[in-house]
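The block underneath contains the structure these notes are about, expressed in structure tokens.
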Amino acid sequence: MSGGEPLRIGNASGFYGDRFDALREMLTGGPLDVLTGDYLAELTMLILGRDRLKDPSRGYATTFLRQMEEGLGLAAERGVRLVTNAGGLNPAGLADAVRELADRVGVPVRVAHVAGDDLLAPGAERSRELGGGRGEGVLTANAYLGGGGIAACLRAGAEVVVTGRVTDAALVSGAAQAHFGWRPDDFDRLAGAVVAGHVLECGAQATGGNYAFFGAHDVRRPGFPLAEIAADGSCVITKHPGTGGAVTTGTVTAQLLYETSGARYPGPDVTARLDTARLTQDGPDRVRIDGVRGEAPPPTLKAGLTRLGGWRNEVTFVLTGLDVDAKAELVRAQMDAAFDAAGRRPAEVRWTLARTDRPDADVQEEASALLRLVVRDADPDAVGRVVSGAAVELALASYPGFHVTAPPTKGSPYGVFEAVAVDPAEVAHHAVLPDGSRVAVAPPRTTREPARLPDPPLPAPLPDGPARRAPLGRVAGARSGDKGGDANIGVWVDGDRAWRWLVHTLTVERLQRLLPETADLPVTRHVLPNLRALNFTVEGLLGEGVAAQARFDPQAKGLGEWLRSRHLDIPEALL
Numbered sequence: 008m009s010g011g012e013p014l015r016i017g018n019a020s021g022f023y024g025d026r027f028d029a030l031r032e033m034l035t036g037g038p039l040d041v042l043t044g045d046y047l048a049e050l051t052m053l054i055l056g057r058d059r060l061k062d063p064s065r066g067y068a069t070t071f072l073r074q075m076e077e078g079l080g081l082a083a084e085r086g087v088r089l090v091t092n093a094g095g096l097n098p099a100g101l102a103d104a105v106r107e108l109a110d111r112v113g114v115p116v117r118v119a120h121v122a123g124d125d126l127l128a129p130g131a132e133r134s135r136e137l138g139g140g141r142g143e144g145v146l147t148a149n150a151y152l153g154g155g156g157i158a159a160c161l162r163a164g165a166e167v168v169v170t171g172r173v174t175d176a177a178l179v180s181g182a183a184q185a186h187f188g189w190r191p192d193d194f195d196r197l198a199g200a201v202v203a204g205h206v207l208e209c210g211a212q213a214t215g216g217n218y219a220f221f222g223a224h225d226v227r228r229p230g231f232p233l234a235e236i237a238a239d240g241s242c243v244i245t246k247h248p249g250t251g252g253a254v255t256t257g258t259v260t261a262q263l264l265y266e267t268s269g270a271r272y273p274g275p276d277v278t279a280r281l282d283t284a285r286l287t288q289d290g291p292d293r294v295r296i297d298g299v300r301g302e303a304p305p306p307t308l309k310a311g312l313t314r315l316g317g318w319r320n321e322v323t324f325v326l327t328g329l330d331v332d333a334k335a336e337l338v339r340a341q342m343d344a345a346f347d348a349a350g351r352r353p354a355e356v357r358w359t360l361a362r363t364d365r366p367d368a369d370v371q372e373e374a375s376a377l378l379r380l381v382v383r384d385a386d387p388d389a390v391g392r393v394v395s396g397a398a399v400e401l402a403l404a405s406y407p408g409f410h411v412t413a414p415p416t417k418g419s420p421y422g423v424f425e426a427v428a429v430d431p432a433e434v435a436h437h438a439v440l441p442d443g444s445r446v447a448v449a450p451p452r453t454t455r456e457p458a459r460l461p462d463p464p465l466p467a468p469l470p471d472g473p474a475r476r477a478p479l480g481r482v483a484g485a486r487s488g489d490k491g492g493d494a495n496i497g498v499w500v501d502g503d504r505a506w507r508w509l510v511h512t513l514t515v516e517r518l519q520r521l522l523p524e525t526a527d528l529p530v531t532r533h534v535l536p537n538l539r540a541l542n543f544t545v546e547g548l549l550g551e552g553v554a555a556q557a558r559f560d561p562q563a564k565g566l567g568e569w570l571r572s573r574h575l576d577i578p579e580a581l582l
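Using our numbering, the first residue of the sequence shown is number 8, and each one after it goes up by one.
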């Protein structure tokens with residue numbers, strides 16, 4: 008179906024654990040055609056995988072089912088279709104649970120689901136390959152599907168569509184594809200919907216949540232976003248009237264840069280060209296996105312593998328007052344001696360000293376530094392009593408003022424995320440329609456390798472003038488996040504003069520000086536003039552990914568704010 012009116016698609020969840028009442032708020036706050044919910048992340052798949060080990064009938068986001076106790080009736084009353092990836096590792100199971108709930112609450116609904124992403128499912132083409140050799144110990148293995156299965160379910164009249172691992176943006180692009188009747192090669196239209204989906208997928212991050220300039224708006228309780236998508240793929244990002252937060256070109260730019268890298272944003276249906284997106288303030292809390300171009304999708308699908316990586320333990324020692332470095336050296340030596348005496352030194356021992364202390368402090372906490380010990384090993388015994396016992400035994404026999412932030416415990420398992428490429432022909436993407444029939448979703452007929460685009464010509468630098476030492480965040484916003492073991496940092500400015508300064512100043516070399524943790528890692532810079540933005544990818548900063556908790560900020564959420572806090576010479580004209 009299609010029409011002249013835009014398709015209004017909202018979002019009510021950006022992750023598993025997001026605000027529970029957002030679904031009700033979105034259904035009752037204003038008109039919608041479709042409401043989506045994104046519950047999956049790399050870490051979530053590991054959590055659901057462990058749930059499934061305990062109970063094979065689980066493996067889905069139970070929050071969605073609880074929200075449906077009220078939400079089913081509200082959606083039915085208002086004619087809103089629901090599309091969610093809450094199915095996780097068991098979309099068929101969640102679809103059945105929704106049907107049972109509908110019968111119990113007396114709200115008849117047509118439920119469909121999308122399957123085929125689970126590469127470990129019985130009969131899956133790659134199940135045997137991923138179960139052995141390189142994939143030994145794999146807990147979950149899921150291909151990132153596109154929106155074709157969602158579109159098939161909606162075209163068949165489904166009112167609730169449950170998926171497993173689709174791309175986050177596919178929840179929106181699949182609904183738009185069904186509504187407007189787009190063909191698989193309508194790349195520009197699909198790319199526009201993918202960009203809209205990317206803006207919506209993280210919920211309140213598009214409406215002022217986690218926003219660098221949060222002081223400019225009341226973001227105590229930001230509303231959730233929605234997109235008014237037109238038949239040509241352009242859209243307006245907005246929110247329901249009276250909800251908190253704000254929708255501005257800044258909040259939308261921040262989300263466009265989040266967890267992306269270069270000008271090409273590849274997906275299973277289309278590669279969206281982020282460098283072509285134009286953002287315009289279209290009124291209060293309304294941002295228009297148009298001009299997005301699309302290209303054929305890559306020849307392979309991304310698949311995410313999770314496995315249990317081993318065992319870890321952690322102790323944080325508090326070092327207060329004078330001689331912090333000497334106290335830290337003493338603890339390290341004592342713990343090393345304990346490992347040697349036990350004959351069980353963990354395979355990985357990592358120390359970090361955070362100098363959160365300051366001299367002559369009025370508050371004890373401000374006089375204290377944190378010394379963090381993280382250990383890992385394939386053997387749980389190597390990170391258990393060997394570590395916690397040794398730390399406890401130092402309580403009366405180490406540096407003055409000895410204490411720790413929490414009692415040492417036994418080791419705990421940690422996970423590893425790995426992204427691999429798979430052939431779409433080996434993935435049995437299909438829609439299970441409300442009547443139980445199954446429709447296969449064919450892989451793309453045309454593909455294109457998404458090679459990096461050359462950087463566009465740079466504008467002329469600002470003329471020389473007086474400068475002042477100040478934090479980068481006085482003139483630039485930033486948002487950062489994770490993709491597996493890599494981190495990305497998007498940095499943007501408002502205005503052409505600030506852009507001319509930023510693009511010539513914030514080079515890879517300057518970034519690595521400002522963020523010394525990145526100095527020895529590969530860093531790539533991408534230039535996006537339409538957004539007046541730079542996007543940096545830092546390879547390997549997060550080790551084996553968020554579940555491995557390789558660093559203090561395992562998802563790089565605060566990396567951009569650290570960058571904004573760093574001082575450099577900024578032209579006074581910009582300050």
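All C-beta atoms in this analysis are idealised placements derived from N, C-alpha and C, irrespective of residue type, glycine included. Keep in mind that this is a model prediction, so the values were computed, not measured.
- Secondary structure of C160 (DSSP, three-state): helix.
- Counting along the chain, G204 sits inside the alpha helix (DSSP H) bounded by residues 194 to 207.
- Nearest Cα to V500 within the set A485, G492, G491: A485.
- Ranked by Cα distance from L152, the options G317, P431, R475, D489 are led by P431.
- Residue state for R392 is assigned as helix, using DSSP reduced to three classes.
- With respect to the 8 Å criterion, G422 and W318 are not classified as neighbours on the basis of their beta carbons.
- Taking each of I16, G95, R88, A237 in turn and checking the Cα distance to E49, the smallest one comes out for G95.
- Between the region 107 to 127 and the region 384 to 400, the count of C-beta pairs closer than 8 Å stays below three; the two stretches do not touch.
- Just measuring C-alpha positions, the residue of L146, V114, A219 sitting nearest L127 is L146.
- Under the three-state reduction of DSSP, V553 is assigned to helix.
- Here DSSP, grouped into helix, strand and coil, assigns D332 to helix.
- Across the set L509, L308, C160, C209, the C-alpha of C209 shows the shortest separation from the C-alpha of A29.
- Put simply, of E266, S180, E107, A253 the residue whose alpha carbon is nearest the alpha carbon of A238 is S180.
- Between G311 and N149, the gap from beta carbon to beta carbon is short of 8 Å.
- When C-alpha distances from A284 are compared across A211, Q262, P441, the shortest belongs to Q262.
- Across the set M52, A83, A68, the C-alpha of A68 shows the shortest separation from the C-alpha of G100.
- Residue pairing by DSSP places T313 opposite T147, F424 in a beta bridge.
- Residue state for T278 is assigned as strand, using DSSP reduced to three classes.
- Taking 8 Å as the cut-off, the Cβ atoms of L378 and W358 count as close.
- Residue range 540 to 545 is occupied by the beta strand (DSSP E) that includes F543.
- Separation of the CB atoms of V277 and A198 is rounded to 5 Å, and the pair is thereby assigned contact status at 8 Å.
- Around L308, the same chain offers A150, Y151, L152, P275, A428, V429, D430, P431, V434 as residues with beta carbons nearer than 8 Å, after the five sequence neighbours per side are excluded.
- Residue pairing by DSSP places W189 opposite no residue, since no beta bridge is assigned to it.
- A distance below 8 Å separates the beta carbons of I496 and L570.
- Distance from R85 to L161 at the Cβ level is roughly 16 Å; contact not present, criterion being Cβ atoms closer than 8 Å.
- Taking the C-beta atoms as reference points, V254 is found nearer than 8 Å to T245.
- Rounded to the nearest whole angstrom, the C-alpha separation of K490 and G552 is 8 Å.
- Rounded to the nearest whole angstrom, the C-alpha separation of T267 and A279 is 11 Å.
- Here the region 344 to 355 makes contact with the region 379 to 388; the two share three or more CB pairs at distances below 8 Å.
- Taking the Cα of G316 as reference, the smallest distance to any Cα among E12, V482, G144, A158 is reached at G144.
- Separation of F71 and R26 (C-alpha to C-alpha, rounded to the nearest whole angstrom) is 11 Å.
- When DSSP states are grouped into helix, strand and coil, T256 belongs to the helix group.
- In the three-state reduction of the DSSP assignment, V168 falls in the strand class.
- Between F231 and T258, the C-beta gap is not smaller than 8 Å, which leaves the two residues out of contact.
- In this structure H205 is buried. Its beta-carbon is surrounded by 16 or more other beta-carbon atoms within 10 angstroms.
- Secondary structure remark: continuous alpha helix (DSSP H) runs of at least 4 residues inside the region 56 to 109, in chain order: 69 to 85.
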